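36 is the number of the first residue of the sequence shown in the numbering used here; add one for each residue after it.
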Amino acid sequence: MLKKIKLELIILLIISLIVFTLQSFDFFIFGLIKNLFLSNHMVHLKEFFVNITEIGSSFWYFSIALVLLVVCLVLKKTIYKNVIFLNKLINFSIWIILYLFVAGIVTQIIKHLVGRARPNYSETNGVFEFFTTNSNFHSFPSGHASTIFMVVLIFALIFPKISYAFYVFGFIFGLSRVVVGAH
36 MLKKIKLELI ILLIISLIVF TLQSFDFFIF GLIKNLFLSN HMVHLKEFFV
86 NITEIGSSFW YFSIALVLLV VCLVLKKTIY KNVIFLNKLI NFSIWIILYL
136 FVAGIVTQII KHLVGRARPN YSETNGVFEF FTTNSNFHSF PSGHASTIFM
186 VVLIFALIFP KISYAFYVFG FIFGLSRVVV GAH
């Protein structure tokens, strides 16, 4: 477990260095992707990415976890008083809510501190505006991507045999944020 956290911290450090030192690299990548998806034969693929990016809204995961928690608590109090599986689902729901909340808070703090411009805004107004509440400068880190990667990590821990499938999904989702022009 500690090795996984080390790897994730190293990846975060590398991404942070890229964001601060290679300011034009990510705009170059964004330009390539934008030009690729502007062509007529890629319209359906772009629609796929536009639709899949909605999966990263934390609202869905908070709602599902909260409903699961309430249902399990009601079932435990009324019908199934000593069912161990319900206790596990209650704990699972609480942990999902807690993990998503912490990831969301950390993401928002970093967004406001760093003030990285969104691709469609940076060409005219600069790349950084530190300590800002202007959402045009909240490109890094992606709130949707941090939510989906938290969910991916949770499911990868629960189902380790298919964890790589979850990681691929997380990567595709992260790419969707670039394709839609948000990051």
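Even for Gly, the Cβ is constructed at its ideal location relative to N, Cα and C.
Quick caveat, the model's predicted, so the values are computed rather than measured.
query = In chain order, what residues of the same chain have a beta carbon less than 6 Å from the beta carbon of C107, not counting five sequence neighbours either side?
reply = Locating residue 107 in the sequence shown gives position 72, counting from the first residue. For C107, where only same-chain residues beyond five positions count, the Cβ hits under 6 Å are L121, L124 and I125.
query = If you follow the alpha helix (DSSP H) that A100 is part of, which residue opens it and which one closes it?
reply = Indexing the sequence shown from 1 puts residue 100 at position 65. Per DSSP, A100 belongs to the alpha helix (DSSP H) from S93 to T113.
ask   = Going straight from the alpha carbon of V187 to that of Y115, what length do you get?
value = Along the sequence shown, one-based indexing puts residue 187 at 152. Along the sequence shown, one-based indexing puts residue 115 at 80. About 30 Å.
ask   = Thinking C-beta only, is G139 closer than 8 Å to G178?
value = Looking up residue 178 in the sequence shown gives position 143. Looking up residue 139 in the sequence shown gives position 104. For G178 and G139, yes; Cβs fall inside 8 Å.
message = Is the beta carbon of S211 closer than 8 Å to that of I87?
response = The residue given as residue 87 occupies position 52 in the sequence shown. The residue given as residue 211 occupies position 176 in the sequence shown. Their beta carbons are under 8 Å apart, which means I87 touches S211 by this criterion.
query = Between the beta-carbon of F97 and the beta-carbon of L135, is there less than 8 Å?
reply = What you label residue 97 is simply residue 62 of the sequence shown in a count that begins at 1. What you label residue 135 is simply residue 100 of the sequence shown in a count that begins at 1. Yes.
Start and end residues, alpha helix (DSSP H) containing G150 = For the purposes of this step, residue 150 is taken as residue 115 along the sequence shown, with counting starting at 1. Unbroken run through G150: none, as it is neither H nor E.
inquiry  = Are the CB atoms of V213 and K81 within a distance shorter than 8 Å?
reply    = Taking the sequence shown and counting its residues from 1, one reaches residue 81 at position 46. Taking the sequence shown and counting its residues from 1, one reaches residue 213 at position 178. In this structure, V213 does not lie closer than 8 Å to K81 by Cβ.
query = Are there 16 or more other CB atoms within 10 angstroms of the CB of V291, so buried, or fewer, so exposed?
reply = There is no way to answer for residue 291, as the model of the chain reaches only from 36 to 218.
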